[in-house]
Amino acid sequence: MIIHRLDNVEVKPENGHKYALCDIKCGENIIKYGNPIGHATSDIKKGDHVHSHNMKTNLSGNLEYTYEPDYTPSAKVETDKTFMGYVRKNGEVGIRNDVWIINTVGCVNKIAKRLASLTGAKHFEHPFGCSQLGDDHKTTQLILKGLINHPNAGGVLVLGLGCENNNISEFKKVLGDYDEKRVRFLNTQDSEDEIEDGVKIIEELKAYAATFERTPVPVSKLIVGLKCGGSDGLSGITANPLVGSVSDKLITYGASCVLTEVPEMFGAEHLLMKRCPTKELFDKTVDLINNFKDYFTKHNQVIYENPSPGNKEGGITTLEEKSLGCVQKGGLSEVVDVLDYGDRVTKNGLSLLNGPGNDIVAITNLTAAGAHVILFTTGRGTPVGAPVPTVKIATNNRLAENKKNWIDYNAAPLLDGKDLTDDFLEYIIKVASGEQTRNEINGYEEISIFKDGIVL
1054 MIIHRLDNVE VKPENGHKYA LCDIKCGENI IKYGNPIGHA TSDIKKGDHV HSHNMKTNLS
1114 GNLEYTYEPD YTPSAKVETD KTFMGYVRKN GEVGIRNDVW IINTVGCVNK IAKRLASLTG
1174 AKHFEHPFGC SQLGDDHKTT QLILKGLINH PNAGGVLVLG LGCENNNISE FKKVLGDYDE
1234 KRVRFLNTQD SEDEIEDGVK IIEELKAYAA TFERTPVPVS KLIVGLKCGG SDGLSGITAN
1294 PLVGSVSDKL ITYGASCVLT EVPEMFGAEH LLMKRCPTKE LFDKTVDLIN NFKDYFTKHN
1354 QVIYENPSPG NKEGGITTLE EKSLGCVQKG GLSEVVDVLD YGDRVTKNGL SLLNGPGNDI
1414 VAITNLTAAG AHVILFTTGR GTPVGAPVPT VKIATNNRLA ENKKNWIDYN AAPLLDGKDL
1474 TDDFLEYIIK VASGEQTRNE INGYEEISIF KDGIVL
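Just so we're aligned, residue 1054 is where the sequence shown starts under my numbering, counting upward by one.
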């Protein structure tokens, strides 16, 4: 039996839980990944199980941070690695060539579903676009704009009702310039037969999308989203470090990677702040963390509440433990940008993206930011998928074997000392070149939009 030793606790692969490597006194910090993940609430003897019954978080409110950069800049490497992608008229690159139906409002969800079933287009239901005020309304528009502009869609039908706040005329003001051959609009209240009209438009969009063919594209054009779902004690030992290693390698090739889930940075944010090459980026990262903590306190919620029942069953005790595993997906590269919710990736390298950890909200956020593919680590398993390929990476053998219909890649061999970086990178290139992920094969593709406002 392999036991992975981490500081003053050990993690057993068969259950992902922690056991004390030494006696730990009540009040002393418990160390994992070289950092405190909480403190002992009672004396703990060597060999004892360490979990919620004898351990508690150290997290509290907003903190003061000092800018102390400590990182090694990523060395750019010349490479001839390519993937087979679709080069769009504006120079952006897609890794899929589907036709998407994007609703301006939830009222036309079922019309979109009918159109998708008749044409093979993809649709993504959501309940928003009307009866929203202020920033919530703007947030909906920004996320929908990001989806419409996503280069994985060879053509897009924007489907509206007509009386909604986010009606097509108003939404066009937010959308800005668009390719009239690639993006078409249908206002269903103005159509005598919206199904007939919708099918006609989609068939025209499919014909336009068919004019694009896969061609070799440098790996530097890839934008990769980084996400973790329900975790276990091995998440920060297998899957997340593997994603971090591949992220670093992609970045040396000039690609872009995006790390989100701000609440799952709490307790590990200092590691990201050290990797900010400028004081400006450091200050933006501080605001990213403290503003999200303010969001918690504004709603009278505790900042340290995160590990779900599934996380806890898998061996994760505190938010710090979840976070210290979570940020490993960002590897060791320097931070090149800090993006707000609804922003798009514009710089090569590692960007931090504002947003919550909720799985569907986060993968939608990453998609709207421009991620071609999302690397989604999981210790518990989930079928959920984004509009873009969502690669599920298992942290342990049991999950990989039991849920083969959900899992795309198994990171557990890392426990035996196997280096999977190159193998996983080649798999990602295959996905970028057209190999379908489990969420695509199963048709598990959905969206959700972050809300924090008033609905009329």
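Even for Gly, the Cβ is constructed at its ideal location relative to N, Cα and C.
Excluding the 5 residues flanking it on each side, residue 1381 has same chain C-beta neighbours closer than 7 Å at 1289, 1293, 1294 and 1297, in chain order. With a cut-off of 8 Å on Cβ pairs, the region 1341 to 1352 is not in contact with the region 1443 to 1456, counting fewer than three such pairs. Within the DSSP bridge table, the entry for residue 1153 names 1175 and 1209 as partners. Non-local C-beta neighbours of residue 1238 in its own chain, meaning closer than 6 Å and more than five positions away in sequence, comprise 1211 and 1221, ordered along the chain. In the structure shown, the three-state DSSP call for residue 1460 is coil. The three-state secondary structure of residue 1362, taken from DSSP, is helix.
With respect to the C-alpha of residue 1094, the residue from 1110, 1387, 1460 and 1379 having the closest C-alpha is 1110.
Taking residue 1244 as reference, the option from 1224, 1214 and 1434 with the minimal CA-CA separation is 1214. Pairing residue 1126 with residue 1387 gives a Cβ-Cβ distance under 7 Å.
Within the DSSP secondary-structure output, residue 1073 pairs in a beta bridge with 1062. Going by DSSP, residue 1447 is part of no alpha helix (DSSP H) but of the beta strand (DSSP E) stretching over 1443 to 1447. In the three-state DSSP reduction, residue 1324 falls in the helix class (H, G or I). For a cut-off of 8 Å, the C-beta gap from residue 1164 to residue 1247 is around 6 Å, short enough to register as a contact.
Distances from the alpha-carbon of residue 1438 to those of 1411, 1099 and 1227 put 1411 closest.
Out of 1390, 1406 and 1430, the CA that lies nearest to the CA of residue 1375 is found in 1430. By the Cβ neighbour-count rule, residue 1113 is exposed, with fewer than 16 other Cβ atoms within 10 Å of its own.
Shown here, residue 1194 sits in a helix according to DSSP, grouped into three states.
Looking at the DSSP output, residue 1185 bridges to 1508. Here the alpha carbons of residue 1078 and residue 1499 stand approximately 47 Å from one another.
A distance below 6 Å between beta-carbons, with the five flanking residues on each side excluded, links residue 1330 to the following residues of its chain, in chain order: 1387. Here the C-alpha atom of residue 1170 lies approximately 16 Å from the C-alpha atom of residue 1156. Take the alpha-carbon of residue 1417 and the one of residue 1173: they are about 21 Å apart. Between residue 1108 and the set 1090, 1116 and 1123, the nearest pair of CA atoms involves 1090. Listed in chain order, the non-local C-beta contacts of residue 1420 below 8 Å within the same chain comprise 1199, 1200, 1203, 1278, 1427, 1439, 1440, 1441 and 1500, local neighbours out to five positions each way being set aside. The C-beta separation of residue 1106 from residue 1072 comes to about 13 Å, leaving the pair out of contact by the 8 Å criterion.
Only buried fits residue 1453, as 16 or more other CB atoms lie within 10 angstroms of its CB.
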